[in-house]
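One structure below.
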Amino acid sequence: MAKFLELDKGTEAGIRELLGQSLRNGQVKAVFALRRTTNGAVNYSLITDPQMMEEAVPLFPSMPSNAGQLLSRLTLKGPVEGPVAVVVRPCELRALVELVKREQGSLEGFLFISFTCPGVYPLKASANGEIEGKQTQYWEAVKSGKVVPEIRPTCRACEHFIPYNADITISLVGNKDVDKRCILFLNTAKGAELVKGVGGKLSEGELETAELHAHREERLAEKKSLYDQGQLSGLGMDGLIEIFSRCIGCRGCRSACPICYCNLCTFDSFDYEYEPSTYEEELKKRGGVRIPPNTIFYHLGRLTHVGISCVGCGSCTDVCPVDIPLSAIFLQVGEAVQKIFDYIPGKDVEEDVPLATFEEVELTEIEE
Amino acid sequence: MEEDFMPRIIGFLCKWCTYAGADLAGVSRIQYPPSILPIRVMCSSRVDPLFVISSFLRGADAVLVAGCHPGDCHYQRGNYYTRRRYAVLRKIFEELGLEADRLRLSWISASEGRRFADVITDYTERIKKKGPNPVKKEVFL
Ligand code: SF4
Ligand code: SF4
Ligand code: FES
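Those protein sequences? They're chains G and U, same order as listed. Numbering follows the working numbering, in which position 128 of the first sequence is assigned residue number 128; successive positions increment by one, without gaps. Position in the second sequence (from 1) plus 368 gives the number in the working numbering.
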């Protein structure tokens with residue numbers, strides 16, 4: 001049985017009040033959460049002014065950037081002087097953990113609040129207030145425990161919607177009273193400490209109810225259909241070229257990906273830039289070369305770099321100006337790669353990234 | 369025409385074992401097909417998977433990554449990392465329906481001149497059966 005606290009108000013209002021109060025009484029130094037700016041845009045902010053908590057929308061169904069990337073950047077040169085309460089989605093927390101494993105940030109000083117995640121709408125829907133218009137439909141679906149329509153394809157297919165490593169888990173998916181009662185599962189002593197003095201009723205119960213299990217089944221089915229749609233194993237080089245031939249090489253997918261952390265990307269370096277003689281060589285073989293070359297190379301290369309840690313957040317797909325279904329590919333290929341090592345990215349910060357460790361006896365089937 | 373096809377295999381050979389094994393095959397005058405284009409690397413772990421992808425896309429008919437047997441790496445652990453990286457690369461090829469059998473990982477020691485010749489012969493036969501890598505005709509790469 002797990003401990004949970006029940007507050008007698010809507011979930012988002014409850015979180016806002018809890019965090020506002022924690023700021024006021026100095027229990028936390030700052031809050032990191034989504035916040036609505038004056039023009040209606042929603043972005044992540046670091047907040048210290050309790051007044052400003054009124055602008056916080058920690059559950060807003062949008063991911064302007066994967067917060068794992070932002071928190072890594074925030075702590076790149078040293079940990080925060082905490083405690084800083086952070087409200088992020090499970091895949092954002094997982095991305096941060098993957099980055100911390102690569103010494104690209106720190107978990108120190110953070111208190112993590114996450115939730116059973118219903119998913120986010122594609123970023124394109126944040127233009128023209130479209131997401132605002134969808135809020136009712138979103139929360140109705142959340143209450144019903146069904147997969148929310150029109151969210152990111154990889155959100156629909158996400159089986160890791162229950163956070164790992166959260167000090168507090170907010171119950172959203174399948175919570176029928178999400179707009180009336182705020183239910184907070186207190187997973188750690190830190191989490192329990194934070195809610196002291198906020199009132200409400202402490203009880204014991206299970207986060208992972210039968211409804212939640214049913215919901216996972218639904219998402220697994222969505223994943224299967226996403227994979228069936230992709231037909232990746234039938235692609236071959238021709239299929240890959242068909243998919244990526246409209247890539248304009250903007251590298252947006254790389255910038256948006258939390259796992260791609262290099263400051264200087266190898267694909268921007270001169271390492272693989274062709275010499276005039278290389279062009280001649282290639283032209284001799286092919287009779288023509290697409291300019292610039294190396295598009296397939298870039299995407300296959302990125303797969304070897306991030307596949308092992310892809311958290312399936314869907315940011316890459318979202319930013320692609322030519323709608324290449326990147327995250328479906330990265331999720332599926334990534335998962336296959338992760339399975340070799342029984343690895344779930346972002347689950348356990350103590351577990352090494354598989355490529356940074358080894359067993360002396362393993363994988364003999366690939367040696368010839 | 370197919371009869372004449374001699375595959376071009378890019379071989380990344382570690383200096384301490386496989387490259388020395390190739391040398392031994394040479395000085396022992398063991399015959400093997402002239403299909404391999406050897407590139408000497410200090411350790412199999414120096415082989416960035418991007419080298420392999422690049423070779424494949426630029427039209428190599430096959431790629432060989434070869435080094436010391438596990439436990440014998442000159443730098444103790446290099447080839448254990450190689451093996452994991454290679455496993456990942458191979459899986460990516462398989463998942464996308466690319467021809468993973470145009471990739472090969474083999475451990476060949478400095479004293480295994482015979483094995484070196486056998487691996488090259490066997491791999492060359494396999495690729496001869498498959499034919500040239502169609503990727504070398506693609507304009508978009
Ligand atoms: S590859 Fe795409 S889905 Fe995977 S972590 Fe990066 S942005 Fe997210
Ligand atoms: S975001 Fe889209 S167009 Fe830009 S590099 Fe990535 S796949 Fe290509
Ligand atoms: S030195 Fe031969 S594999 Fe490392």
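We put the beta carbon where it would ideally sit given N, CA and C, even for glycine. Keep in mind it's a predicted model, so treat the numbers as computed, not measured.
- In this chain, the beta strand (DSSP E) harbouring G435/U covers 430–435.
- The three-state reading of DSSP puts P90/G in helix, counting H, G and I together.
- In this structure T116/G touches F161/G by the C-beta definition: roughly 6 Å separates them, less than 8 Å.
- Contact annotation: the segment 340–358 of chain G does not touch the segment 467–477 of chain U, with fewer than three C-beta pairs closer than 8 Å.
- If you look at K196/G, you'll find it isn't in any alpha helix (DSSP H); DSSP assigns it neither H nor E.
- Here the segment 476–486 of chain U lies against the segment 384–403 of chain U, with 3 or more beta-carbon pairs under 8 Å apart.
- Three or more beta-carbon pairs separated by less than 8 Å are not found between the segment 138–147 of chain G and the segment 182–200 of chain G, which leaves the two stretches without contact.
- Residue pairing from DSSP places R36/G in a beta bridge opposite V42/G.
- G205/G carries a strand assignment under DSSP once its states are collapsed to helix, strand and coil.
- Straight-line measurement puts the Cα of R472/U at about 8 Å from the Cα of E367/G.
- Three or more Cβ pairs drawn from the segment 320–327 of chain G and the segment 242–262 of chain G lie within less than 8 Å of each other, which places the two stretches in contact.
- Among the residues facing chain G, I377/U is not included, as its CB has no counterpart in that chain under 8 Å away.
- Judged by DSSP secondary structure, G379/U falls within the beta strand (DSSP E) whose first and last residues are 377–382.
- Note on the segment 70–154 of chain G: whole beta strand (DSSP E) runs with a minimum of 3 residues are 84–87, 110–115, in chain order.
- When secondary structure is reduced to three states using DSSP, V31/G falls in the strand class.
- Beta-bridge partners assigned by DSSP to P406/U: G379/U.
- Counting along the chain, no beta strand (DSSP E) covers A356/G, and no H or E run does either.
- Here the C-alpha atom of A85/G lies approximately 11 Å from the C-alpha atom of I15/G.
- Here the distance from the Cβ of V322/G to the nearest heavy atom of ligand 2 is below 7 Å.
- Under the DSSP assignment, R246/G falls outside any alpha helix (DSSP H); it carries neither an H nor an E label.
- Judged by DSSP in its simplified three-state form, K180/G adopts coil rather than helix or strand.
- For the 8 Å CB-CB criterion, C182/G and L7/G form a contact.
- Against chain U, a Cβ distance below 8 Å from F358/G picks out R445, Y448, Y449, R451, R452.
- Going by beta carbons, C260/G and V311/G fall outside the 8 Å limit.
- In the three-state DSSP reduction, T169/G falls in the strand class (E or B).
- Cβ neighbours of F461/U within its own chain (closer than 8 Å, five residues either side excluded): E467, A468, L471.
- By the neighbour-count definition (other C-beta atoms within 10 Å, threshold 16), C313/G is a buried residue.
- Cβ-Cβ distances below 8 Å link P325/G to P153, G230, I243, T317 in the same chain, with the five nearest sequence neighbours on each side left out; the list follows chain order.
- With respect to A56/G, R35/G sits close: the two C-beta atoms are nearer than 8 Å.
- At the C-beta level, L232/G and Q69/G stay beyond 8 Å of one another.
- Secondary structure of A56/G (DSSP, three-state): strand.
- Straight across, the Cα-Cα distance linking L71/G with I495/U is about 48 Å.
- The bridge partners DSSP lists for E6/G are I183/G, K201/G.
- In the pairwise beta carbon analysis, the segment 162–175 of chain G is classified as touching the segment 100–117 of chain G: at least three pairs are separated by under 8 Å.
- Rounded to the nearest whole angstrom, the C-alpha separation of S225/G and L23/G is 45 Å.
- Going by DSSP, L457/U is part of the alpha helix (DSSP H) stretching over 446–463.
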